[in-house]
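Asker:
There are 2 protein chains.
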Amino acid sequence: VSSLSGVSSATPTEEMNGAGNLMDFLDEPFPDVGTYEDFHTIDWLREKSRDTDHVTIRNKPTCYHSKESIWELIKSLLDAWSGWVVMLLIGLLSGTLAGVIDLAVDWMTDLKEGVCLSAFWYSHEQCCWTSNETTFDDRDKCPQWQKWAELMTGHAEGAGAYVLNYFLYILWALLFSFLAVSLVRVFAPYACGSGIPEIKTILSGFIIRGYLGKWTLLIKTVTLVLAVSSGLSLGKEGPLVHVACCCGNLFCSLFSKYSKNEGKRREVLSAAAAAGVSVAFGAPIGGVLFSLEEVSYYFPLKTLWRSFFAALVAAFTLRSINPFGNSRLVLFYVEYHTPWYMAELVPFILLGVFGGLWGTLFIRANIAWCRRRKTTQLGKYPVLEVIAITGITAVLAYPNPYTRRSTSELISELFNDCGALESSQLCDYINNPNMSRPVDDIPDRPAGPGVYNALWQLALALVFKIVITIFTFGMKIPSGLFIPSMAVGAIAGRIVGIAVEQMAYHHHDWIIFKNWCRPGADCVTPGLYAMVGAAACLGGVTRMTVSLVVIMFELTGGLEYIVPLMAAAVTSKWVADAFGKEGIYESHIQLNGYPYLDVRDEFTHRTLATDVMRPRRNDPPLAVLTQDTTTVEDVETLIKDTDYNGFPVVVSRESERLIGFVQRRDLTLAIKNARQKQDGVVSSSVVYFTEDAPQLPASNPQPLKLRRILNLSPFTVTDHTPMETVVDIFRKLGLRQCLVTRSGRLLGIITKKDVLRHMAQMMNQDPESIMFN
Amino acid sequence: VSSLSGVSSATPTEEMNGAGNLMDFLDEPFPDVGTYEDFHTIDWLREKSRDTDHVTIRNKPTCYHSKESIWELIKSLLDAWSGWVVMLLIGLLSGTLAGVIDLAVDWMTDLKEGVCLSAFWYSHEQCCWTSNETTFDDRDKCPQWQKWAELMTGHAEGAGAYVLNYFLYILWALLFSFLAVSLVRVFAPYACGSGIPEIKTILSGFIIRGYLGKWTLLIKTVTLVLAVSSGLSLGKEGPLVHVACCCGNLFCSLFSKYSKNEGKRREVLSAAAAAGVSVAFGAPIGGVLFSLEEVSYYFPLKTLWRSFFAALVAAFTLRSINPFGNSRLVLFYVEYHTPWYMAELVPFILLGVFGGLWGTLFIRANIAWCRRRKTTQLGKYPVLEVIAITGITAVLAYPNPYTRRSTSELISELFNDCGALESSQLCDYINNPNMSRPVDDIPDRPAGPGVYNALWQLALALVFKIVITIFTFGMKIPSGLFIPSMAVGAIAGRIVGIAVEQMAYHHHDWIIFKNWCRPGADCVTPGLYAMVGAAACLGGVTRMTVSLVVIMFELTGGLEYIVPLMAAAVTSKWVADAFGKEGIYESHIQLNGYPYLDVRDEFTHRTLATDVMRPRRNDPPLAVLTQDTTTVEDVETLIKDTDYNGFPVVVSRESERLIGFVQRRDLTLAIKNARQKQDGVVSSSVVYFTEDAPQLPASNPQPLKLRRILNLSPFTVTDHTPMETVVDIFRKLGLRQCLVTRSGRLLGIITKKDVLRHMAQMMNQDPESIMFN
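Sequence order for the protein chains is Z and S.
Using our numbering, you'd call the opening residue of the first sequence number 1 and step up by one each time.
Using our numbering, you'd call the opening residue of the second sequence number 774 and step up by one each time.
1. Assign M16/Z to buried or exposed, taking buried as 16 or more other Cβ atoms, counted over all protein chains shown, within 10 Å of its Cβ.
2. So, using beta-carbon positions, are P197/Z and Y644/Z closer together than 7 angstroms?
3. Leaving aside the five residues before and after K885/S along the sequence, list all residues of the same chain whose C-beta is less than 6 angstroms from its C-beta, in chain order.
4. Taking the continuous beta strand (DSSP E) assigned at T1514/S, which residues delimit it?
5. Could you tell me the boundaries of the alpha helix (DSSP H) in which I199/Z lies?
6. Just checking: is the beta-carbon of F299/Z within a distance shorter than 7 angstroms of some beta-carbon in chain S?
7. Buried or exposed for L384/Z, please, with buried defined as at least 16 other CB atoms from any protein chain shown within 10 angstroms of its CB.
8. State the beta-bridge partners of T814/S as determined by DSSP.
9. Have a look at V1500/S and E1375/S and give me their C-alpha separation to the nearest angstrom.
10. When the Cβ atoms of the region 1446-1456 of chain S are set against those of the region 1499-1515 of chain S, are three or more pairs found closer than 8 angstroms?
11. Which value, in whole angstroms, describes the spacing of the CA atoms of L1130/S and V1001/S?
12. Please classify P1337/S: is it buried, with 16 or more other beta-carbons within 10 angstroms of its beta-carbon, or exposed?
13. Using alpha carbons as the reference points, say which of S291/Z, R745/Z, T642/Z lies closest to L1074/S.
14. Which of helix, strand or coil does DSSP assign to Q676/Z?
15. Tell me, please, whether the CB atom of L1529/S is closer than 7 angstroms to any CB atom in chain Z?
16. Indicate whether at least one CB of chain Z lies closer than 7 angstroms to the CB of I1432/S.
17. DSSP state of P1421/S, grouped into three classes?
18. Taking a Cβ distance cut-off of 8 angstroms, strictly less, list which residues of the region 1117-1136 of chain S are near chain Z, in chain order.
19. Taking the alpha-carbon of S950/S as reference, which of M1535/S, T1163/S, N1189/S has the nearest alpha-carbon?
20. Straight-line CA distance for A1580/S to W921/S?
21. Quick one: any contact between the region 396-411 of chain Z and the region 189-205 of chain Z, if contact means 3 or more CB pairs under 8 angstroms?
22. Measuring only the C-alpha atoms, how far is L378/Z from C370/Z?
23. Count the C-beta pairs between the region 499-506 of chain Z and the region 442-458 of chain Z that are closer than 8 angstroms, then say yes if the count reaches three, no if not.
24. Give the straight-line distance between the Cα atoms of N261/Z and L733/Z, rounded to the nearest whole angstrom.
25. DSSP has Y984/S in a bridge; who is on the other side?
26. Helix, strand or coil for T483/Z, going by three-state DSSP, please let me know.
27. Are three or more beta carbon pairs between the region 1382-1398 of chain S and the region 1364-1373 of chain S nearer than 8 angstroms?
28. Quick one: using the 10 Å Cβ neighbour count with 16 as the cut-off for buried, is F730/Z buried or exposed?
29. I want to see whether chain Z comes within less than 7 angstroms of P1344/S, judged by CB atoms only; does it?
30. Hey, which unbroken runs of the alpha helix (DSSP H) at 4 residues or more fall wholly within the region 863-951 of chain S?
31. Between which two residues does the alpha helix (DSSP H) holding Y1031/S run?
32. Which same chain residues, not among the five before or five after N764/Z, have their C-beta less than 8 angstroms away from its C-beta?
33. Expressed to the nearest angstrom, what Euclidean distance is found between the alpha-carbon atoms of L608/Z and L1485/S?
34. Are the C-beta atoms of R600/Z and some chain S residue less than 7 angstroms apart?
35. Is the region 80-94 of chain Z touching the region 267-275 of chain Z in the sense that three or more CB pairs, one from each, lie closer than 8 angstroms?
36. Is the shortest distance between the beta-carbon of W84/Z and the beta-carbons of chain S less than 7 angstroms?
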């Protein structure tokens, strides 16, 4: 028997095979066994035990020679700390990238309007900050900063200058978006979109090679700057999560512990997603909860601690870069000075309803448009589409001051309470001449003409944003929808806020206002309404609740406003859920047909495993291998004739008693290897999976032992197991497939695809829509 | 066949059994089938599918008669909303209880020292607040509040008055603690301790009847007040979690959806734990994370949302009761005015090391003492023990002002920064006469004699707290250790803080201080050191990280100080973990021998299922039932002779092919029921688990069909499955037992106890220490 050198493998279940392993010694381990092909699903249980394997090898006792032992010690320490090191690196790199992106976007957004004469690489704000001639009242105006028309013609005002500025604004926007879409198309097609649907799918155990690669990282970073600067209605928050995950993937490759284990790699990616949100909003705790609530699939406690660490490092790296120039961590820093009143819950809940309706409308319309893009001619001209949408956006956005500026600036202004020194149009209230109070606590005042003017412009901006965002999200450029969604909500909220404020001022004798709003008091904070509206709209689109509220809480820093935010977020979720359970990310996952098993879908149907397993009643029997009677040729025929990813191995076709499961990929590799390297292996050689070679006549060719690639612990359920339990097992253990038995006999197989197809069927969806690319 | 009326049951797997069920119609469902006995472990998968059952029954189409349909609609709405209703009720009740406890503790703590003449139910602070004669400088002194000596003898000062006050202080303390321990012993023995170890065990799926009952709730609330007021070194935070969980259990009984399903009930309890921490610290987000990180076992996203809701409601209920009189949600509200400097990380990390060492010392010493209490005569005199410890505590605590007051007041003072108006001894700095700065930003000053005096007293208090807490935690009264741990850390931190501050003041030319501390600047905030120390010590004892940092963050409200807190918490965890993996709660779980399968323990040994399963090599064969040849008598003998909780059912003893699993409890009940109600069932009747009755000679007595209680989908693994995978499956699916097969033949069984015993063995612990009461 010792002449039959077996085929080596790294499959862990095999290594545990204790006795008898010395017999089938290895030529060399062939490298790819136990890995996955592109667009395949990983087996979490297998990955987990591969890691243990690794740990056990790492911890094996070493001989204590002086030098080596120190080296070993350093190596083992590095290995033990590698998780934290990776987190540190992710935090540093994603914080730095976020800072660079922020600075670049600032500069390029302003470049559309003008240039700084003292140094062309200064943005408008930096330009005027460095200028000494600026007075505090008019920070935005300084001689160093010149609009294009002024620079080119010398005239700052007038219709001619306006038209020239308008024209150049559109030209720059077109240039930026053309560059963005071209770069994406040529270098990294995976860099488009927000990336969150794909990351969710990857984290749930799917393999998409290159999606988190170096090229994607580079191109996504560059094109994100271009896309945001072009003035399109999109944000950088979602793509930042993708960028952070790319960083995570990059650093995984430094440590074999992470690069070789798809399960461990996903733990790092979960933490990276937290770091991404952390830098996007300056909200580390919110980022961790976002990763937990929205993105991750498998989130053990260890990952919780590490994500928190990564998120903190990222946030502090960003703060030390200080791109907003205000030493603040957060994108929209606000401070409110007045509490809210119980009666205000009514408008807050109405904003929640609005958010839910907007979420539903957006998801339905966007998915319909994306489906049209996928199925019609439209999808063939992505560059043209981007150019056209950019053109329309620029043409419509420029005349309205609220859409001309960058969306995050708009949100920031809408969130802010009107202080005494505020010069914006939104704060054009008629001042009480007798006012002699401190700056913080200005009583409610009647609105001046500027406010009414602003209301009209905001209403137009609202309609514009709603329509254009539907067409923008899903184009072939990096695009997030946090910021556009928040903008829609913030505009609606601010409008409602001003309306309530003016009502309270003019009708403070009405019964509803009487109790909480005396004349001369500061009762209503329109900025808070904007914030609540933003939370509601974001919640309607993404269906986040806790992480959303925590992110908003980290923006304001006061527990005071959690109740309004919570009320709006929960209302919005309920309203939106009434029209359809899926958030925008799940809808896009479905649209793209990724095999994603959502942890949130409840499966409450009473089907049994036997209803789902294949083969079905009239199908041909299950393709199985027998433990010691199949020949190499039989195996090769089976592989050629079927496209299954693996085959159960049974004792014999008569008894149908299961002994194990073998992966197609491993089988192909093993036979190829054996044919090349092992003498005597021919087509008529018997393949056997038992410990000992079968008793064969002497005339037969040498048999081939394949026990090493056999998984001896395949997962089985009985045919009477309720599908609910099966779905639960698939979710919690992250299985790829599961065998179905009855009284010890193999009946069939259920794969993840079968489960997904069955779930779709039960929810009256077309099961064929799950295409899996 | 129709004369054989079968035995009814509510087991869901049975209901799914489609065809052939009409035959064995039911007399009446006997009530206890599918429930668990006390001190048994639940089967999560089974509970989950029971819930689906419930949903399916609830959703079945109803006939639309006018009145009924409205009633049905209301019922189904109530059912759908019952989760949120339960959360609302939990939040309201636990918030109210927490408020009442706070108020009562305040009053009774002060009662030890004196009484308010204007109204005896006022605490010292309330008494002086309502008095008009108080000046701002001396809030604590007012004529209405009289110490006992003053009231009884008329002399407020002098040695006689001191001795009388001292004596009465001890007397009150003894009275309170005697009442507490007697109430616990007589009415609710489960009300003692912090309750968190038991709640962790219950949430992991163990049944302890009465642990969360109404009596426990009532007695724990009352005795908690008494215990805290008696001045013992214990806190109310842990017990508040227990109280909140009792509330949760109470409200579960209102809805059959929760009261009848042990799995759903645990989801509610997880949320209740979050509400408990939320009111304990005024930190709703921290509470949710505490429940997630520290307490819960199964924490789906739905529970995350609901816990958050419950935690918020609880926090706001508490705030509207306003027990601290400052409209603040939080127990220790602090505001710091100066940032921290990079060099301060060194003392912060040292505090982390101290916290880790304290955690290790505390856990080891406390467990050793508790073990001694369990095993020696000591445990037989719990009342005496409590009285003795109270006496010692009171005698030693009174002379030192820092131990005389309540521990939370002490922590509050230690956390606070010294403002200009602060009158405490700790703030007795030598003022710079030229100082004309605003109140907020006082530069570092040299310490006055009061500070040095305070340092000595604090050092004595530190030693006292360290020693007495070890003996206090684990006595038969409600006792939490958050507050004592935090006190130890806060004292240590404040001492270090003052030392660094004075060093920086006197040696600001040293190289380490040169860069960040110019003379006349406010460089060091000793209060921040106290907070960091408190976090470190709490982290060392409980091994929390993220939730700890978030709780502390909610206390200060600024992201600014997250890095120091994080550094200290992580250092403390690492140091403590180096000496032993278990936190105090896990250690107490082990000490009490609860069957708790920790999600955090990594199992990395290479054993296989076959090494763990029973029967072992020389054991008698596995006790099994056959599908159609066992008689009623055989079954009864088997039940009598063994104490297994369930029996596998096989086709026949020869083939050993598994068809299902039957619970001992169900089997006993079914046979008892059949003997009583079904004619013809005698000892020699054959019991069968197949669809159809076996072919028997006509002379045989009527067979008994038991298919309804048979679980047709028992969980199986092969004998080659690595134990690591088995442990993972037990954890993630919450199994009670798992059958082991090889090529379809039943080999043995692995129960949760076997898994725990094996894990203990692998970690070189005595497996017999897992006693399971």
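Yeah, the Cβ is synthetic: ideal placement off N, Cα and C, and Gly gets one too.
These numbers come from a predicted model, not from an experiment.
Answerer: Looking at the coordinates:
1. Because the pLDDT of M16/Z is 37, which lies under 50, any placement of that residue in the model is unreliable, and the number read from its coordinates should be weighed accordingly. Buried, by the Cβ-count rule.
2. No, they are not a contact pair.
3. Cβ contact annotation for K885/S (same chain, cutoff 6 angstroms, sequence separation greater than five): Y942, W945, in chain order.
4. For T1514/S, the uninterrupted beta strand (DSSP E) run begins and ends at 1510-1515, by DSSP.
5. Its alpha helix (DSSP H) spans residues 196-203.
6. Under the 7 angstroms criterion on CB atoms, F299/Z is classed as non-interfacial with respect to chain S.
7. By the neighbour-count rule (16 or more Cβ atoms within 10 Å), L384/Z is not buried but exposed.
8. Looking at the DSSP assignment, T814/S forms a beta bridge with F979/S.
9. It is roughly 9 angstroms from the alpha-carbon of V1500/S to the alpha-carbon of E1375/S.
10. Judged by Cβ distances under 8 angstroms, the region 1446-1456 of chain S makes no contact with the region 1499-1515 of chain S, as fewer than three pairs qualify.
11. Going from the Cα of L1130/S to the Cα of V1001/S covers about 26 angstroms.
12. Here P1337/S is buried. Its C-beta has 16 or more other C-beta atoms within 10 Å.
13. The candidate whose alpha carbon is nearest that of L1074/S is S291/Z.
14. The three-state reading of DSSP puts Q676/Z in helix, counting H, G and I together.
15. Chain Z, which has no Cβ nearer than 7 angstroms to the Cβ of L1529/S, makes this no.
16. Closer than 7 angstroms: yes.
17. Under the three-state reduction of DSSP, P1421/S is assigned to strand.
18. For the region 1117-1136 of chain S, which is checked against every Cβ of chain Z, not one residue is closer than 8 angstroms.
19. The option with the nearest alpha carbon to S950/S is T1163/S.
20. Any question about residue 1580/S goes unanswered here, given that chain S covers just 774 to 1546.
21. No, the region 396-411 of chain Z is not in contact with the region 189-205 of chain Z.
22. One C-alpha to the other measures close to 10 angstroms.
23. Contact between the region 499-506 of chain Z and the region 442-458 of chain Z is present, because at least three Cβ pairs lie under 8 angstroms.
24. Spanning the two alpha carbons is a distance of roughly 16 angstroms.
25. Partner(s): none; Y984/S has no beta bridge.
26. The amino acid occupying residue 483/Z in the given sequence is Ile; Thr does not appear at that position. In the structure shown, I483/Z sits in a helix (DSSP, three-state: H, G or I).
27. Output reads no: the region 1364-1373 of chain S does not touch the region 1382-1398 of chain S.
28. That one is buried.
29. With the sequence shown as reference, residue 1344/S is identified as Thr, and Pro is not the correct amino acid for it. Answer no: the Cβ-Cβ gap between T1344/S and chain Z never drops below 7 angstroms.
30. Entirely contained in the region 863-951 of chain S, the alpha helix (DSSP H) runs reaching 4 residues are, in chain order, 897-903, 921-926.
31. Start and end: 1029-1032.
32. Around N764/Z, the same chain offers no residue with a beta carbon nearer than 8 angstroms, after the five sequence neighbours per side are excluded.
33. Near 11 angstroms, if we compare the C-alpha coordinates of L1485/S and L608/Z.
34. At least one C-beta of chain S is nearer than 7 angstroms to the C-beta of R600/Z.
35. At 8 angstroms Cβ cutoff, the stretches touch.
36. Not an interface residue.
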